[in-house]
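*Asks:* When we follow this note's numbering, the leftmost residue of the sequence shown carries the number 2, and every step to the right adds one.
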Amino acid sequence: MKYLSCRDIESSLYIAPNEIRSCCQRFFHKNKMRGDAKLLEIKDGVTPKANEIRDARENLFKKIQNNNAASCEGCPFLYETDTKPKFSNEIKHLSIEHHSVCNLRCTYCSETYYGGKRSKYNVVEFIEYLNNSGSFKNCKQVVWGGGEPTLDKSFDLIIKEIEKKANPNLYHRVFTNSTRYHKTIEELLKRGLIKIVTSVDAGTREKFKEVRGRDKFEELFVNLRKYSSVDPNRVTIKYILTEENLSENELISFVNKCVEFNLRECCFQISMNYKNKDLSLNFLKALLFLMGLLKENKIYKFFTDDHVSARFRELNEENKSEIFRFIDEKNLSNVVFVKNTFDKINIYGAGDIAENIILKNMLKFNKNNIELYDGDPNKIGKLIGGIEIKNPEEIKRNNNKIYISAAQSYDDIYSNLLSMNISDNRIVSGLFL
Ligand SMILES: C[S@@+](CC[C@H](N)C(=O)[O-])C[C@H]1O[C@@H](n2cnc3c(N)ncnc32)[C@H](O)[C@@H]1O
Ligand code: SF4
Ligand code: SF4
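As structure tokens, then:
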């Protein structure tokens, strides 16, 4: 018998203000936004117990087998297995978005995140229950979102609680708007226990106010400079492309501002508003232009994320010509890998971004030029588009350039490569066209 399961049901937990979910994936299927699969509904004021997690996982799994879980239908993360997974309270990946209190009002965001909802139960107590039942023994990553996670005192309390029995490899990945300085962030950066991701989305104070809803542009940069001066590798700066902020002048000001505030050693994530169904040509041009600017300014650690790669598609002849004209006109050939024009390349990261690059490449490049690597032992030996996934240790046996195809773990992979004594000038960034 075949079963359908996903890694998140087996070992992730996502804490929302009014419910506990299995994941925070979002995808379109049959014209509906899906994902965010619910595990437990919270009764007002009642803190759930650790063992409720196992039962809820089992229930969701059953619904998926019966084709009765609307949130999971068509999910790209489902995989087929011959053996039924064993469900427990174990949490390898915890995501905390327990309130929707925020001091900004980003145009691309929504009430779900800034509506001011507080949790209907005691989240610190819930974390304590989980901790006492050993749920975090193998937990490596706690991801914080929201709302603005740093605004609430529970941020410090939960971090301290988890630390009591934490796996020594556990680190916090905090999505923060960085408009208010938080000393815990700086302290955890010093101890190597945190990574932060901050969206900037503008190059000028005026545009920031328009896109993010508050006049906090300067504060954000002052704080990012402080955080990044501790360890820039642990700071990711994001630019979410929206209709309002993709002009060339805005992108130029953004990159200049990052240089002015000593942020060149940070990682740069180029994203797009996930409410846009397609990656239109003006977004694609802005994306290429921004990559070109970053490289011109000696910023080498940049990548596009899954919101962009999920929207890759094959371009028609007319669009192809337009994009190539744009690349020529703006001198952007150093940020694109075009069919047969690049030497053999190692792609490190065999997740959905790599799948999108390989399977939906917009201009069909030569797959023989690609070697694929992933650190997950479950993936090694499997194929994507006929290309076998290999152990990253093998990267040392060739001198190919290395392209990191990951968003959430870009910085982890980057550090991993350096710890393997691989020179950073082998690591390249850009877009496969
Ligand atoms: C909802 S926010 C919460 C955390 C924090 N307030 C922040 O903004 O970083 C979590 C992440 O979702 C991203 N995000 C929110 N709405 C988005 C959208 N429509 N498209 C793409 N990313 C989005 C934000 O940039 C942020 O990195
Ligand atoms: S199948 Fe997809 S939507 Fe459902 S829990 Fe897993 S990741 Fe989430
Ligand atoms: S800062 Fe984060 S939570 Fe607040 S409105 Fe913007 S994206 Fe939403």
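Every residue gets a Cβ at the ideal spot worked out from N, C-alpha and C, and that includes glycine.
For methionine 34, does the count of other Cβ atoms within 10 angstroms reach 16, so buried, or fall short, so exposed?
*Replies:* The residue you call residue 34 lines up with position 33 of the sequence shown. Under this definition methionine 34 is an exposed residue.
*Asks:* Enumerated in chain order, which unbroken segments of the beta strand (DSSP E) with a length of 3 residues or greater are wholly contained in the stretch 47-118?
*Replies:* You should have 80-82, 94-97.
*Asks:* To the nearest angstrom, how far is it from the Cα of alanine 408 to the Cα of aspartate 307?
*Replies:* Here residue 408 refers to the residue found at position 407 when the sequence shown is read from its first residue. Here residue 307 refers to the residue found at position 306 when the sequence shown is read from its first residue. Cα to Cα, the separation comes out at about 7 Å.
*Asks:* Which whole-angstrom value is the C-beta distance of histidine 173 and leucine 189, which I expect to be below 8 Å?
*Replies:* On the sequence shown, residue 173 is found 172 positions in, with the first residue counted as 1. On the sequence shown, residue 189 is found 188 positions in, with the first residue counted as 1. Yes, they are in contact, since the Cβ atoms of histidine 173 and leucine 189 sit about 7 Å apart, within 8 Å.
*Asks:* Alpha carbon to alpha carbon, how far is arginine 119 from aspartate 45? Give it in angstroms, no decimals.
*Replies:* Within the sequence shown, residue 45 is the residue found at index 44, counting from 1. Within the sequence shown, residue 119 is the residue found at index 118, counting from 1. Going by the C-alpha atoms only, they are around 12 Å apart.
*Asks:* Apart from the five residues on each side of it in sequence, which residues of its chain come closer than 7 Å, Cβ to Cβ, to tyrosine 275?
*Replies:* Here residue 275 refers to the residue found at position 274 when the sequence shown is read from its first residue. Counting only Cβ-Cβ distances below 7 Å, and skipping sequence neighbours, we find Arg27, His308.
*Asks:* Measure from the alpha carbon of threonine 177 to the alpha carbon of each residue in Ser416, Arg314, Glu245, Tyr228, then state which is nearest.
*Replies:* The residue you call residue 177 lines up with position 176 of the sequence shown. Cα-wise, what sits closest to threonine 177 is Tyr228.
*Asks:* Report the rounded CA-to-CA distance for leucine 333 versus serine 254, giving the unit in angstroms.
*Replies:* Residue mapping note: residue 333 aligns to position 332 of the sequence shown, counting from 1. Residue mapping note: residue 254 aligns to position 253 of the sequence shown, counting from 1. Cα to Cα, the separation comes out at about 18 Å.
*Asks:* Using three-state DSSP, classify threonine 180 as helix, strand or coil.
*Replies:* Translated into the one-based positions of the sequence shown, residue 180 becomes position 179. Threonine 180: coil per DSSP, three-state reduction.
*Asks:* Which partner residues does lysine 302 have in the DSSP bridge list?
*Replies:* Position 301 of the sequence shown, counted from the start, is the residue given in the question as residue 302. Lysine 302 pairs with nothing; no bridge assigned.
*Asks:* If you compare alpha carbons, which of Lys141, Ala57, Ile21, Val201 is closest to phenylalanine 127?
*Replies:* For the purposes of this step, residue 127 is identified with residue 126 of the sequence shown, where counting begins at 1. The shortest Cα separation from phenylalanine 127 among Lys141, Ala57, Ile21, Val201 belongs to Ile21.
*Asks:* Can you tell me whether glutamate 220 sits near ligand 1, meaning its C-beta is under 7 Å from at least one heavy atom of the ligand?
*Replies:* Along the sequence shown, read from residue 1 onward, the residue named residue 220 stands at position 219. No, the beta carbon of glutamate 220 sits no closer than 7 Å to any heavy atom of ligand 1.
*Asks:* Under three-state DSSP, which class holds serine 430?
*Replies:* The sequence position of residue 430 within the sequence shown is 429, counting from 1. Coil.
*Asks:* State yes or no: is the C-beta of serine 179 nearer than 7 Å to some heavy atom of ligand 2?
*Replies:* The residue labelled residue 179 in the question sits at position 178 within the sequence shown. Result no, Cβ not under 7 Å from ligand 2.
*Asks:* Give the residues whose C-beta lies closer than 6 Å to at least one heavy atom of ligand 2, in chain order.
*Replies:* Having a Cβ closer than 6 Å to some heavy atom of ligand 2 are Cys7, Asp9, Ile10, Ser23, Cys24, Gln26, Gly36, Ala38, Ser72, Cys73, Cys76, Phe78, Leu79.
*Asks:* Taking C-alpha atoms, which residue in Asn400, Ala167, Leu152 lies nearest to threonine 185?
*Replies:* Position 184 of the sequence shown, counting from 1, holds the residue named residue 185. Minimum Cα distance to threonine 185 is reached at Leu152.
*Asks:* Tell me which same chain residues have a C-beta within less than 7 Å of the C-beta of arginine 312, skipping the five on either side of it?
*Replies:* Looking up residue 312 in the sequence shown gives position 311. Excluding sequence neighbours, arginine 312 sits near Asp279, Leu280.
*Asks:* Does DSSP classify threonine 205 as helix, strand or coil?
*Replies:* As a first step, residue 205 must be located in the sequence shown, where it is residue number 204. Coil.
*Asks:* In chain order, which continuous runs of the alpha helix (DSSP H) of length 4 or greater are located wholly inside the stretch 119-193?
*Replies:* Fully enclosed alpha helix (DSSP H) runs of 4 or longer: 124-133, 155-165, 184-191.
*Asks:* Would alanine 57 and asparagine 90 qualify as a contact pair, given that the criterion is a beta-carbon distance under 8 Å?
*Replies:* The residue labelled residue 57 in the question sits at position 56 within the sequence shown. The residue labelled residue 90 in the question sits at position 89 within the sequence shown. Result no, Cβ atoms of alanine 57 and asparagine 90 do not sit closer than 8 Å.
*Asks:* For serine 136 versus tyrosine 115, is the C-beta spacing smaller than 8 Å?
*Replies:* On the sequence shown, position 135 is the one that residue 136 refers to. On the sequence shown, position 114 is the one that residue 115 refers to. No, the Cβ-Cβ distance between serine 136 and tyrosine 115 is not below 8 Å.
*Asks:* How far does the beta strand (DSSP E) with glutamate 245 in it reach, from first residue to last?
*Replies:* The residue labelled residue 245 in the question sits at position 244 within the sequence shown. No beta strand (DSSP E) holds glutamate 245; DSSP gives it neither H nor E.
*Asks:* Let me check you understand the geometry: is the CB of glycine 147 closer than 7 Å to at least one non-hydrogen atom of ligand 3?
*Replies:* Your numbering for residue 147 matches position 146 in the sequence shown. Flag set: Cβ of glycine 147 near ligand 3.
*Asks:* Quick one: which unbroken beta strand (DSSP E) runs of 3-plus residues sit fully inside the stretch 371-401? Chain order, please.
*Replies:* Qualifying beta strand (DSSP E) stretches, in chain order: 371-374, 388-391.
*Asks:* Which two residues bound the contiguous beta strand (DSSP E) that contains serine 13?
*Replies:* The residue labelled residue 13 in the question sits at position 12 within the sequence shown. First-last of the beta strand (DSSP E) with serine 13: 13-16.
*Asks:* Check this for me: beta carbons of asparagine 298 and valine 336, under 8 Å apart or not?
*Replies:* Counting from 1 along the sequence shown, the entry for residue 298 is found at position 297. Counting from 1 along the sequence shown, the entry for residue 336 is found at position 335. No. Outside cutoff.
*Asks:* Which residues does DSSP list as the beta-bridge partners of glutamine 270?
*Replies:* By 1-based counting over the sequence shown, the position of residue 270 is 269. Answer is Lys239, Phe304.
*Asks:* Just the Cα atoms here: how many angstroms apart are valine 199 and serine 406?
*Replies:* Taking the first residue of the sequence shown as 1, we reach residue 199 at position 198. Taking the first residue of the sequence shown as 1, we reach residue 406 at position 405. Correcting the residue identity first, residue 199 is threonine in this sequence and not valine. Taking the straight line joining both Cα atoms gives about 20 Å.
*Asks:* With 16 other CB atoms within 10 Å as the buried threshold, where does valine 47 fall?
*Replies:* What you label residue 47 is simply residue 46 of the sequence shown in a count that begins at 1. Exposed: under 16 other Cβ atoms inside 10 Å.
*Asks:* How far does the beta strand (DSSP E) with methionine 421 in it reach, from first residue to last?
*Replies:* Locating residue 421 in the sequence shown gives position 420, where the first residue counts as 1. It is not in any beta strand (DSSP E) - methionine 421 carries neither H nor E in the DSSP assignment.
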